[in-house]
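Everything below concerns the one structure shown next.
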Amino acid sequence: MEEMEVPTEHLQEKIHEEAEEKKERWTLYVALSTAFMAVLAAIAGLMSGHHANEALINQVEAS
Numbered sequence: 016m017e018e019m020e021v022p023t024e025h026l027q028e029k030i031h032e033e034a035e036e037k038k039e040r041w042t043l044y045v046a047l048s049t050a051f052m053a054v055l056a057a058i059a060g061l062m063s064g065h066h067a068n069e070a071l072i073n074q075v076e077a078s
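Number 65 in our numbering belongs to position 50 of the sequence shown; there are no gaps in the numbering.
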């Protein structure tokens, strides 16, 4: 009795495409979260400079 050979090339192709798509989604989420953290860091840096300037102004006014 002969075994039937089932063509699996199409299935393997589909599996690889899905894996690549998931990998691309993962890198998209990493890129977006990194950009968001960079924006927060920039805002924190600006606020830090603002508060340092305010402290210096208050110190000058107090003396």
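Don't be surprised by glycine CBs; every beta carbon is placed ideally from N, CA and C.
- Item | Three-state secondary structure (DSSP) of S78 | S78: coil per DSSP, three-state reduction.
- Item | Alpha-carbon to alpha-carbon, E36 and T42 | Annotation: T42 to E36 spans about 10 Å, alpha carbon to alpha carbon.
- By how many angstroms is the C-alpha of A57 removed from the C-alpha of G64? Computed Cα separation, rounded: 11 Å.
- Message: Could you tell me the alpha carbon to alpha carbon distance between Y44 and H25, rounded to whole angstroms?
- Response: 29 Å
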